[in-house]
Amino acid sequence: MAAQAQSRQPELRKDAVTGRWVVFSPARSKRPSDLKSKSPSGSANESSDNCPFCAGNEHLCAPQIFRVPPDSAAEWRIRVIENLYPALDRNLGRPDGGGESGEVLGGFGYHDVVIEAPAHGVHLSDLPPREVGDVLIAYRKRIEQLAAAFDEIKYVQVFKNHGASAGASLSHSHSQIIALPVVPPNVSTRLGSMKDHFSRTGKCSLCELPLSDLVIEESTHFISFVPFAATFAFEIWIVPKIHSQHFHDIDDEKAADLGRLLKLMLKKISVQLNDPPFNFMIQTSPLHTTASELPYAHWFLQIVPQLSVVGGFELGTGCYINPVFPEDAAKLLREVNVPVQ
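Residue 341, in the UniProt record's numbering, is where the sequence shown stops; the numbers in between run on with no holes.
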């Protein structure tokens, strides 16, 4: 069993997936169990009367892309719509390099919103596991649409911001999808680190199961754990047990299985950490990958509770300070007993 956090010495650990060094400094916190959110995500002030994502207010939204179920005669459960305030413009011409060094592109891309439930105040973790899986299937469908229709799209990022301090502008449960004409630097760095690990060991860094004291829960197809060099306190990764390069290769059975495990992890951090704001990101591979990348590219879902602010050291160095050792965080999360129905 891991020693108590307050009796451990600081460590530096390097993550084999991200390539990032992390400083573990338990002296910067009290007991790991005391590290709870000081500002629970709570609810924003808007009500269902003026919330554009609520059923009945569809006219307040940007155009719909698709809905679940597709039959317009039935009430919808999930809607995928254009973002009313997109970061990128889908109506711009296809990107061409510009500037003296070719480092400027027009802001072409896609920015969509996935409304996860029609009722105000119903969070993703409140849905039955099968319906959480349906949200994941909606992500898959939209990625498939973008990949099939636009050769210029290189990477698709699915993410969820829960709580105002995590970046959510509306409290109605939703997630977002941004499709980019470039591969983002964090993705390139991650793939480079995974390639280096494979070159040294002949193994995918995510196919090697973590130490048992880092595991939180397993399902049929997935395993959830706190990574050995977690960048953030109580960070969780959910990883396919079978090597898989792209999230959008997930089938319906695996989506339902992942939906249950994702719901369980969100419930656990809510109970253990006082309903913190959080982000989750699906860390997948670029759409256009080569055969040489198949052995080491492996997707995963990353959950980050927002328990502290990023300071000057992190911004200046790219090296983060985590006050909770992963073994201690995993133990506390394992011990949280929550029903999943």
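Glycine included, C-beta positions come from ideal geometry on N, C-alpha and C.
Since the structure is predicted, the reported quantities are computational estimates derived from the model, not experimental observations.
Check                                                                                                                                                   : Outcome
When the Cα of E335 is compared with those of T317, Q341, E253, L214, which residue comes out closest?                                                  : L214
Start and end of the alpha helix (DSSP H) containing V132?                                                                                              : 129-149
With a 10 Å radius around its C-beta and 16 neighbouring C-beta atoms as the bar for buried, classify P26 as buried or exposed.                         : buried
To the nearest angstrom, how far is it from the Cα of A87 to the Cα of M281?                                                                            : 17 Å
What is the DSSP secondary structure of Q157, reduced to helix, strand or coil?                                                                         : strand
Return the CA-CA distance between Q176 and P118, expressed in angstroms with no decimal places.                                                         : 16 Å
Taking the alpha helix (DSSP H) that V23 falls in, what are its first and last residues?                                                                : Where V23 is concerned, there is no enclosing alpha helix (DSSP H), although the beta strand (DSSP E) it sits in stretches over 21-24.
Would you list, in sequence order, the uninterrupted beta strand (DSSP E) runs of no fewer than 3 residues that lie entirely inside the region 240-326? : 278-283, 300-305, 320-322
What residue range does the alpha helix (DSSP H) around R13 cover?                                                                                      : Counting along the chain, R13 falls outside any alpha helix (DSSP H), though it belongs to the beta strand (DSSP E) covering 11-14.
For F228, does the three-state DSSP call read helix, strand or coil?                                                                                    : coil
In this structure, what does DSSP give as the bridge partners for D89?                                                                                  : F108
Using a Cβ cut-off of 8 Å (strictly closer), state whether P128 contacts chain C.                                                                       : As a matter of chain content, chain C is missing from the structure shown, which is built from one protein chain.
Grouping DSSP H, G and I as helix and E and B as strand, with all else coil, what is S165?                                                              : helix
Which stretch, first to last residue, makes up the alpha helix (DSSP H) that contains S188?                                                             : 185-201
Which residue comes first and which comes last in the beta strand (DSSP E) that contains S171?                                                          : Segment: none, S171 is in no beta strand (DSSP E) and carries neither H nor E.
Under 8 Å Cβ to Cβ from I153, same chain only, skipping five residues before and after it: list those, please.                                          : G109, Y110, L146, A147, A179, L180, P181, L287
Can you give the beta carbon distance from K36 to L273, rounded, assuming they're within the 8 Å contact cut?                                           : 5 Å
Once the 5 residues before and after V23 are set aside, which same chain residues still bring their CB inside 6 Å of it?                                : L12, I321
Just to check my reading of the structure: E144 and R77 have Cβ atoms closer than 8 Å, yes? What is that Cβ distance to the nearest angstrom?           : E144 to R77, Cβ: 19 Å. No contact.
Is DSSP giving E218 helix, strand or coil here?                                                                                                         : strand
Apart from the five residues just before and just after T289, which ones in its own chain have a Cβ nearer than 7 Å to its Cβ?                          : Q245, A297
Run through DSSP, which three-state label would R334 get?                                                                                               : helix
Between the Cα of P339 and those of D126, L315, L209, K141, spot the shortest distance and give me the residue it belongs to.                           : D126
With 16 as the cutoff for other CB atoms within 10 Å, does G99 come out buried or exposed?                                                              : With a pLDDT of only 49 at G99, under 50, the local geometry of the prediction cannot be trusted, and no value is derived from it.
From L92 to P185, what distance separates their C-alpha atoms?                                                                                          : 23 Å
Pick helix, strand or coil for S175, following the three-state DSSP scheme.                                                                             : strand
Based on the DSSP secondary-structure assignment, which residues constitute the bridge partners of W237?                                                : F225, Q302
What first and last residue would you give for the beta strand (DSSP E) that runs through V68?                                                          : 64-68
Can you tell me the Cα-Cα spacing of V309 and T231, whole angstroms?                                                                                    : 13 Å
In angstroms, rounded to a whole number, what distance separates the CA positions of A329 and P323?                                                     : 10 Å
Kindly indicate which residue of C204, G202, I223 has the alpha-carbon position closest to the one of S212.                                             : I223
For H174 and V114, which I take to be in contact (beta-carbon distance under 8 Å), what is that distance rounded to the nearest angstrom?               : 6 Å
Report the rounded CA-to-CA distance for E208 versus P227, giving the unit in angstroms.                                                                : 12 Å
Can you tell me the Cβ-Cβ gap for H221 and R140, rounded? I've got them flagged as a contact below 8 Å.                                                 : Not confirmed; about 15 Å, so no contact.
By the three-class DSSP mapping on this structure, what secondary structure does L124 have?                                                             : helix
Going by other Cβ atoms of all chains shown within 10 Å of its Cβ, with 16 needed for buried, is S69 buried or exposed?                                 : According to the sequence displayed, residue 69 carries Pro and not Ser. When all chains shown are included, P69 counts as exposed.
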